[in-house]
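K.L.:
Protein chains: 2
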Amino acid sequence: MTMKDFIFYNPTKVYFGDRIDQLTAELAQYGRKVLLVYGGGSIRRNGLYDRVCGMLSKEGFERFELSGVEPNPRHTTCSRGAAICREHDVDVILAVGGGSAIDCAKGVSATAVSAETDVWNIIKKGQLITEGLPIVVILTNAATGSEMDMWAVISNMETNEKESLGGPGIQPKAAFEDPRYTFSLPPYQTACGAFDIFNHVLDNYYLAGENTFDMVLNFQEDVMKTVVKYAPTAMKEPENYEARANLMWASSVALNTMLDAGTVHAPACHMMEHEVSAYYDITHGHGLAVITPRWLSYILDEKTAPAIYRLGVRVFGIEPGMEDMKGARAAIDALSKFCFDTLGLASAFTELGVGREHLKEMAVHSCHGGRLQGIRDLGPEDVEKIYEMCM
Amino acid sequence: MTMKDFIFYNPTKVYFGDRIDQLTAELAQYGRKVLLVYGGGSIRRNGLYDRVCGMLSKEGFERFELSGVEPNPRHTTCSRGAAICREHDVDVILAVGGGSAIDCAKGVSATAVSAETDVWNIIKKGQLITEGLPIVVILTNAATGSEMDMWAVISNMETNEKESLGGPGIQPKAAFEDPRYTFSLPPYQTACGAFDIFNHVLDNYYLAGENTFDMVLNFQEDVMKTVVKYAPTAMKEPENYEARANLMWASSVALNTMLDAGTVHAPACHMMEHEVSAYYDITHGHGLAVITPRWLSYILDEKTAPAIYRLGVRVFGIEPGMEDMKGARAAIDALSKFCFDTLGLASAFTELGVGREHLKEMAVHSCHGGRLQGIRDLGPEDVEKIYEMCM
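Protein chains in written order, with this note's numbering: chain D, 1 to 391; chain Y, 392 to 782.
1) Which one or two residues does DSSP pair with F8 (chain D) in a beta bridge?
2) What are the boundary residues of the alpha helix (DSSP H) that includes S546 (chain Y)?
3) Please list the residues of the region 210–221 of chain D that have a C-beta atom closer than 7 Å to any C-beta atom in chain Y, keeping them in chain order.
4) Taking the straight line between their C-alpha atoms, what separation do you get for D149 (chain D) and G422 (chain Y)?
5) Quick check: the region 373–391 of chain D against the region 290–302 of chain D, are at least 3 beta-carbon pairs closer than 8 Å?
6) With burial defined as no fewer than 16 other Cβ atoms inside 10 Å of the residue's Cβ, what is the status of D301 (chain D): buried or exposed?
7) At a Cβ threshold of 7 Å, is D18 (chain D) touching chain Y?
8) Less than 7 Å between C-beta atoms, sequence neighbours within five positions excluded: which residues of the same chain meet that for C476 (chain Y)?
9) Taking Cβ-Cβ distances shorter than 7 Å, what residues in chain D pair up with P402 (chain Y)?
10) Please state whether DSSP places R410 (chain Y) in a helix, a strand or coil.
11) If the cut-off is 8 Å on Cβ atoms, which residues from the region 253–267 of chain D count as contacting chain Y, listed in chain order?
12) State yes or no: is the beta carbon of A245 (chain D) nearer than 7 Å to at least one beta carbon in chain Y?
13) Tell me, please, whether the CB atom of D5 (chain D) is closer than 7 Å to any CB atom in chain Y?
14) What separation, rounded to the nearest whole angstrom, lies between the Cα atoms of L165 (chain D) and A754 (chain Y)?
15) Applying the 10 Å Cβ sphere with the 16-neighbour rule, what's the burial state of Q29 (chain D)?
16) So V614 (chain Y) and A641 (chain Y) are supposed to be a Cβ contact under 8 Å. How far apart are they, rounded?
17) Can you list the residues of chain D that V614 (chain Y) reaches, using a CB-CB cut of under 8 Å?
18) Give me the chain D residues within the contact set of K717 (chain Y), using Cβ-Cβ distance strictly less than 8 Å, ordered along the chain.
19) Contact criterion: CB-CB distance below 7 Å. Does F195 (chain D) meet it with respect to chain Y?
20) Mind checking who S251 (chain D) pairs with in its DSSP beta bridge?
21) Does F455 (chain Y) come out as helix, strand or coil in the three-state DSSP assignment?
22) Can you list, in chain order, the residues of its chain with a C-beta nearer than 7 Å to that of R454 (chain Y)? Leave out the 5 residues immediately preceding and following it.
23) Give a yes or no on contact between the region 257–264 of chain D and the region 122–138 of chain D, applying the rule of three or more CB pairs nearer than 8 Å.
24) If we cut at 7 Å on Cβ distances, does M782 (chain Y) have a partner in chain D?
25) Apart from the five residues just before and just after W686 (chain Y), which ones in its own chain have a Cβ nearer than 6 Å to its Cβ?
26) Using a beta-carbon distance below 7 Å, is V315 (chain D) in contact with chain Y?
27) Is the separation between the beta-carbon of L345 (chain D) and that of A234 (chain D) shorter than 7 Å?
28) Could you tell me which residues DSSP pairs with L139 (chain D) in its beta bridges?
29) Report yes if the CB atom of L359 (chain D) is closer than 7 Å to the CB atom of E381 (chain D), and no otherwise.
30) Please work out which residues of its chain come closer than 7 Å, Cβ to Cβ, to E630 (chain Y), disregarding the five sequence neighbours upstream and downstream, and give them in chain order.
31) What does S164 (chain D) pair with, by DSSP beta-bridge criteria?
32) How is the beta strand (DSSP E) around K516 (chain Y) delimited, first residue to last?
33) Is it right to say E628 (chain Y) is buried, meaning 16 or more other beta carbons lie within 10 angstroms of its own, or is it exposed?
34) For D594 (chain Y), count neighbouring Cβ atoms within 10 angstroms of its own Cβ and tell me buried if that reaches 16, exposed if not.
35) Does the Cβ of P577 (chain Y) have 16 or more other Cβ atoms within 10 Å, making it buried, or fewer, making it exposed?
36) Quick one: list the residues of chain Y neighbouring T226 (chain D), beta-carbon separation under 7 Å, in chain order.
Structure follows, in structure tokens:
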């Protein structure tokens, strides 16, 4: 075992449960001019928009708005938000929503304090962001982990690119996580979010098997087990607090770097999926569910079989003691069943409107000029074959 | 299940592994005048003292020293350190050692910026400490978790009191955790430290069973399993990096509040042990090992049996499917065997020089005028009986 050295530093303050009464005190640390960032109508329908605006008005905050953030947030939307911040000298950004609103807020944050006015120019520099406007989050979906990490994924639909932006300067200062705010999420979005959480861990799990702490490997399995246990409940009983709470905290833990200790973060499936949603604007978690079992089938060999089998035993309750290849196949079957039966997600790209026309260039892009790291490294030719398996 | 709301906020930056080259940059954020806090001769013998002093000199830091910190750090030592800070306008405290040096540094930190010159007067106010001199830690023992939490335990040997001091103002800004710095720890101290980690989790585990997240309950079991797996290895092979690294990171995770999510922190055994070391100055982890199995035997009944049995199954590998009371007894036997055979710790207070003369007042003190919380609450009369079982 060769554990890697690591730095753990996660200064996001999480208010979990019914703690929204602390919101204005948290915001006031940074100033009185707030940019509210949100997506479509869901927070208007469920009353959260009115509640937050009421609290801000009552405490004398000046509110500006960036609304209509897309499910895969666009670079143009980030740049528009940054312009509002500049024009009105905004002090703090309040993102209300899921990963899209938060990622957009991160793009706004970095751009608002930059000499660049277009977030895409900042992304293209590929540097860690050390400064940004402070961000506070009210989370309404358990999925991306963006509420407690330093990363954002921004889409440029003109060039079909989906790229990461990250750094300590844009990590949220605080996140309000009330499971009740996810009660109104429909089953499809609950399923997509849940699988996003699952894959954040699984992407790392296989590297971790060789490199990390025994304890951390167990933590990773615990988080995946949580998704497997509670996602079906949350889909069937949207107002089940226990299920929603477990998924919400799992979302944050999956990416708050506790699970990276001693390993490297190697998001192979995520990199493959980003290309799909960059070209076809599909729901990220759904794309991951299509790709992940195929990825495992593709990388399955004598070397990878023990780790894949272990996943099956620890997370899906497959019986131990089988021959490794047989056990690994059973694990992949169990994962497929979870994705396509339990979560009810369509299993083929074709059902999502994804065609073959861009597969080759998507495969090249996904590797960013190198190879995707993992228990088995992948080049563009591998990725193209995996995409083909997803059709 | 009734999960409690919680706040998670842990801004300590952990440098894990061979990262000591970052030390002076970390310190320089706070200033150039450093108070070095350490215990006895171990860091002089293993070369760490010379290395740190060399780095500080080379980078032009001005160094002051508070040495000879006791294993159960005294309030007088804290106050002495605070006087040095005031006299020389110290900017930052560097604690090099285990929990004693770190806890002492926390006492110094709080007192150096206070109108009080005696840390005991601050402790007696019983308030959370919001301001203190910045603290940076180099950890040399895996045990107390003090490197990544906001609490210190300080002893007043004049009054036989051992009390807690805590708050965000005295949480370390950064902790350097290099498992190699624990290679020179003798087996006895390794064992005591390991059991301290174990008990930090176990103290909470039984409350957690009813109140917390499924995922967090699993995390708790993972940390305890880590101790059970790696403590014996570290005792037999002091330079086994894997064992030392797992124990060191377990020490930090056990108390960084990740394991408190959704529950309350209820350190019943810790409160009982603090009285023993306050009166008899024994090693804290050893005192815990004597108390813990007796505590479990005392609270064992039909209501508590399932949780105790679960501990046995999940952490000690006891077979599932037994009748609860029988399984719980097997779990307690397994824990006793771990403490007294595997870790080799003496099993009776009498072997540690603890007599019966103060048991009644110790029992009263331990409850601080109330009752000790846990899966079964304990009053002074219960604590006295548990102490008696330890003789």
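Virtual Cβ for every residue (Gly too), placed ideally from N, Cα, C.
P.N.:
Reading it off the structure:
1) DSSP, once it has assigned bridges, lists Y:V405 as partnering F8 (chain D).
2) Where S546 (chain Y) is concerned, there is no enclosing alpha helix (DSSP H), although the beta strand (DSSP E) it sits in stretches over 542–547.
3) Against chain Y - using a Cβ distance shorter than 7 Å - the residues of the region 210–221 of chain D are F213, D214, M215, N218, F219.
4) Those two C-alpha atoms are separated by around 29 Å.
5) Judged by Cβ distances under 8 Å, the region 290–302 of chain D makes contact with the region 373–391 of chain D, as three or more pairs qualify.
6) The residue is exposed, with fewer than 16 neighbouring Cβ atoms inside 10 Å.
7) For D18 (chain D), the answer is yes, since a Cβ of chain Y falls inside 7 Å of its Cβ.
8) Listed in chain order, the non-local C-beta contacts of C476 (chain Y) below 7 Å within the same chain comprise L426, V499, A503, L524, local neighbours out to five positions each way being set aside.
9) Among the residues of chain D, those whose CB is under 7 Å from the CB of P402 (chain Y) are P11, following chain order.
10) In this structure, R410 (chain Y) counts as coil in the three-state DSSP scheme.
11) Residues of the region 253–267 of chain D with a C-beta less than 8 Å from any C-beta of chain Y: V253, M258, A261, G262, listed in chain order.
12) So yes, A245 (chain D) belongs to the interface.
13) Interface annotation, D5 (chain D): in contact with chain Y, CB-CB separation under 7 Å.
14) One C-alpha to the other measures close to 56 Å.
15) That one is exposed.
16) About 5 Å; that satisfies the 8 Å criterion.
17) Within chain D, the residues placing a beta-carbon under 8 Å from that of V614 (chain Y) are M215, ordered along the chain.
18) Within 8 Å Cβ-Cβ: nothing; K717 (chain Y) doesn't reach chain D, min ~25 Å.
19) No, its Cβ sits nowhere closer than 7 Å to a Cβ of chain Y.
20) Assignment of beta-bridge partners to S251 (chain D) by DSSP yields no partner.
21) It is a strand residue.
22) Correct list, in chain order: V425, L427, C444, L447.
23) Contact fails between the region 257–264 of chain D and the region 122–138 of chain D, because fewer than three Cβ pairs, one in each stretch, are under 8 Å apart.
24) Chain D, which has no Cβ nearer than 7 Å to the Cβ of M782 (chain Y), makes this no.
25) Cβ neighbours of W686 (chain Y) beyond the five flanking positions: C660, I777.
26) No, V315 (chain D) lies away from the interface with chain Y (no Cβ there is under 7 Å from its Cβ).
27) The answer is no: Cβ separation not under 7 Å.
28) Its beta-bridge partners are D:G97, D:E177.
29) No, these two residues do not count as a Cβ contact at 7 Å.
30) Once the five neighbours on either side are set aside, the close Cβ partners of E630 (chain Y) are F574.
31) Note: S164 (chain D) sits in a beta bridge opposite D:V153.
32) It is not in any beta strand (DSSP E) - K516 (chain Y) instead sits in the alpha helix (DSSP H) that spans 510–516.
33) When all chains shown are included, E628 (chain Y) counts as exposed.
34) Looking at its Cβ environment, which holds 16 or more other Cβ atoms inside 10 Å, D594 (chain Y) is buried.
35) Exposure of P577 (chain Y) is indicated by the presence of fewer than 16 other C-beta atoms within 10 angstroms of its C-beta.
36) Those within 7 Å of T226 (chain D) in chain Y are D605, M606.
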